[in-house]
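Report on one structure; see the data block that follows.
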Amino acid sequence: MKKVILGLSGGVDSAVACYLLQQAGYAVEGVFMRNWDSTLNNDVLGNPNDPNEVCPQEVDYLDALAVANKLGIPLHRIDFVEEYWERVFSIFLEEYRHNRTPNPDILCNKEIKFNSFLEQADMMGCDYIAMGHYARSVHQPSVALLRGLDGNKDQSYFLCQLTKAQVAKSLFPIGHLTKSEVRSIATAIDLPVATKKDSTGVCFIGERRFKAFLENYLPHQPGEMIDTMGRMIGKHDGLMYYTIGQRHGLSIGGPGDPWFVIGKIPSKNQLLVGQGFHHPLLYSDRCLVMGLNWLIDDPQSITTAQAKFRYRQPDVDVVLHHHEDGSVDVSYPTTVRAVTPGQAAVFYHGEVLLGGGTIECVYMNNELRPY
RNA sequence: AGGGCCAUAGCCAAGCGGUAAGGCAAAGGACUUUGACUCCUUCAUCUCUGGUUCAAAUCCAGAUGGCCCUG
Numbered sequence: 024m025k026k027v028i029l030g031l032s033g034g035v036d037s038a039v040a041c042y043l044l045q046q047a048g049y050a051v052e053g054v055f056m057r058n059w060d061s062t063l064n065n066d067v068l069g070n071p072n073d074p075n076e077v078c079p080q081e082v083d084y085l086d087a088l089a090v091a092n093k094l095g096i097p098l099h100r101i102d103f104v105e106e107y108w109e110r111v112f113s114i115f116l117e118e119y120r121h122n123r124t125p126n127p128d129i130l131c132n133k134e135i136k137f138n139s140f141l142e143q144a145d146m147m148g149c150d151y152i153a154m155g156h157y158a159r160s161v162h163q164p165s166v167a168l169l170r171g172l173d174g175n176k177d178q179s180y181f182l183c184q185l186t187k188a189q190v191a192k193s194l195f196p197i198g199h200l201t202k203s204e205v206r207s208i209a210t211a212i213d214l215p216v217a218t219k220k221d222s223t224g225v226c227f228i229g230e231r232r233f234k235a236f237l238e239n240y241l242p243h244q245p246g247e248m249i250d251t252m253g254r255m256i257g258k259h260d261g262l263m264y265y266t267i268g269q270r271h272g273l274s275i276g277g278p279g280d281p282w283f284v285i286g287k288i289p290s291k292n293q294l295l296v297g298q299g300f301h302h303p304l305l306y307s308d309r310c311l312v313m314g315l316n317w318l319i320d321d322p323q324s325i326t327t328a329q330a331k332f333r334y335r336q337p338d339v340d341v342v343l344h345h346h347e348d349g350s351v352d353v354s355y356p357t358t359v360r361a362v363t364p365g366q367a368a369v370f371y372h373g374e375v376l377l378g379g380g381t382i383e384c385v386y387m388n389n390e391l392r393p394y
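In the numbering used here, the protein residues as written are 24 to 394.
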């Protein structure tokens, strides 16, 4: 009997994954990861949780425990608070300091869930690890990672930094199901978390009022908001608190269309703002992607693909031009709104995830965008 | 000092005697394992004081505030 170590989060998805693994004949053990300590990590501002109540993380643990009991598997608890801080959160903050918009959950998957966790699981003598992601792994005849079948929930975007070795060790038991199918299985077998609301927010940290949350770690650096004519439109609290294409939180009232963040000028600590969802400066037709990770054999041979520049964004047809240093120029003649440095560009051929990297800089008609 | 114009929510702004449109911002919610976007909901008795009228943001008088022109 093959042994699987499953990440049990306390949510429905991993719970149903557990059940499906059992049905498939695996010996399953659960691991609850604890990667964030609000007190230790000074997570105070923007934290909606009443410090006097049982914290949501404990609730999740108890839910995971209830699921483990219901399904009759052992549940272990592992603490990666330190690893998470050093290998995910500190990089996350560093990116913000550079006025970029990082994607912590991609790093978390790469460094924690499919690395630290995998190491632990190996020590526990497992054949595979499993997670409740909406994505599919293929091991034979060759290793591949596919999109989740539920187009609305597909989470393969977050897995773009996994190596083939990691995918080869991973099972995604719910990747071929839709969310509603997962819910009905959960209901059918009477799981205690069958109707629990989906969790969102940075994984392991949870919902936060984001700007306030960042203020715990990145102090204010007030400056001006200006429009493309150089007119002062308002004040900002720090370039790092804003992302390209953002509308809310600018507090710019008055006539005309809503205002959006359309650029950053770090040398003057100025935030560039413009009116209208379709402001021309928000659009680009090319970007440079670095830090690429490929899940296929001959990446150089890939010259066209579909891509996502943000989670849940519709696919965009792109043309890839590979540089010698491994970076890739990605062109998208159809033009895309708010492609943002720090976010991931993830490439697909149909269902297959080819690989992905981090957006470094963005161009329109060969002109660098001030992002 | 004369003359003219204007005064509606945090900001723009409809309304022209019949019981306050809309947009921006903000707040709350939905969506979402990043960050955004998007969607939904909420948000004024009309500068003040008198008067005319069954009825006034809408008419009249005065006050206050702001803008413009003339000396």
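Here a beta-carbon is modelled for each residue, glycine too, at the ideal position from N, C-alpha and C.
Measuring only the C-alpha atoms, how far is residue i from residue j?
i, j, result
"PRO325", "VAL225", "In the sequence on display, residue 325 carries Ile and not Pro. Near 32 angstroms, if we compare the C-alpha coordinates of VAL225 and ILE325."
"VAL54", "ILE28", "7 angstroms"
"GLU52", "VAL190", "19 angstroms"
"ILE129", "ILE96", "29 angstroms"
"LEU88", "GLY277", "53 angstroms"
"SER290", "ILE208", "55 angstroms"
"ILE319", "ILE275", "47 angstroms"
"GLN293", "ILE267", "13 angstroms"
"MET255", "VAL296", "10 angstroms"
"GLU238", "TRP317", "35 angstroms"
"GLU118", "TRP108", "14 angstroms"
"ASN126", "GLN184", "11 angstroms"
"GLU390", "LEU304", "11 angstroms"
"LEU214", "MET263", "42 angstroms"
"SER61", "ASP250", "38 angstroms"
"MET252", "GLN269", "20 angstroms"
"ASN14", "LEU182", "A query on residue 14 cannot be resolved here, the shown segment of the chain reaching from 24 to 394 and no further."
"LYS258", "ASN175", "37 angstroms"
"PHE103", "GLN46", "30 angstroms"
"GLN163", "HIS243", "52 angstroms"
"ASP145", "ALA167", "21 angstroms"
Measure the CB-CB distance between residue i and residue j and report whether it falls below 8 angstroms.
i, j, result
"LYS219", "GLY373", "no"
"VAL284", "ILE382", "no"
"MET56", "ILE114", "no"
"GLY378", "PRO322", "yes"
"LEU343", "THR327", "yes"
"ILE135", "GLU106", "yes"
"VAL375", "LEU169", "yes"
"TYR371", "GLN329", "yes"
"THR223", "ALA217", "no"
"ALA367", "GLY380", "yes"
Among all the DSSP beta bridges, which residues are the ones paired with residue i?
i, result
"TYR306", "ARG360"
"MET24", "Its beta-bridge partners do not exist; DSSP assigns none."
"VAL369", "LYS331 and GLY379"
"ASN316", "GLY379"
"LEU194", "ALA153"
"LEU43", "Answer is none; LEU43 lacks a bridge partner."
"ALA50", "LYS26"
"LEU200", "DSSP, once it has assigned bridges, lists no residue as partnering LEU200."
"ASP340", "GLN329"
Let me make sure I understand the geometry here. Which of the options has the alpha-carbon closest to that of residue i?
i, options, result
"ARG232", "ASN175, GLY272 and LEU116", "GLY272"
"SER165", "LYS192, SER113, PHE137 and GLY314", "LYS192"
"TYR265", "ASN64, TYR394, HIS301 and VAL90", "TYR394"
"ASN132", "MET147, CYS41, GLU118 and ILE152", "ILE152"
"LEU116", "SER290, GLY379 and GLY365", "GLY365"
"ASP36", "TRP59, THR186 and ASP177", "ASP177"
"GLY261", "TYR240, THR251 and ARG254", "TYR240"
"PRO196", "THR223, LEU141, ALA235 and GLY155", "GLY155"
"HIS121", "MET387, LEU94 and ILE288", "ILE288"
"ARG110", "GLN143, ASN58, CYS78 and GLY148", "ASN58"
"ASN65", "ARG270, ALA235 and ASP280", "ALA235"
"LEU94", "HIS259, ARG270, GLN269 and LEU31", "LEU31"
"LEU194", "THR357, LEU43 and PRO281", "LEU43"
"VAL67", "ALA144, GLY229, HIS259 and GLY349", "GLY229"
"VAL341", "THR186, GLU347 and VAL353", "VAL353"
"VAL205", "MET147, CYS78 and TYR157", "TYR157"
"SER203", "VAL161, ASP221 and THR186", "ASP221"
Quick one: what's got a C-beta closer than 6 angstroms to residue i's C-beta in the same chain, skipping five residues either side?
i, result
"LYS25", "TYR49 and ASP150"
"ASP83", "GLY33"
"VAL385", "SER307, CYS310, VAL362, ARG392 and TYR394"
"TYR180", "LYS331, TYR334 and VAL369"
"HIS345", "GLN323 and VAL351"
"GLU247", "MET255 and GLN293"
"VAL339", "ALA330, TYR355 and VAL359"
"THR357", "none"
"THR201", "ASP173"
"GLY299", "ASP280"
At a cut-off of 7 angstroms, is residue i close to the ligand HEM when judged by its beta-carbon and the heavy atoms of the ligand?
i, result
"ILE135", "Of the ligands one can find in the structure shown there are none, so the ligand HEM has no counterpart to examine."
Once the 5 residues before and after residue i are set aside, which same chain residues still bring their CB inside 8 angstroms of it?
i, result
"HIS302", "PHE283 and ILE285"
Which same chain residues end up closer than 7 angstroms to residue i when comparing Cβ atoms and leaving out the 5 residues on each side of it in sequence?
i, result
"HIS199", "ARG159 and LEU172"
"LEU98", "LEU31, GLY53, PHE55, ALA87, LEU88 and ALA91"
"LEU141", "ILE152, GLN189 and LYS192"
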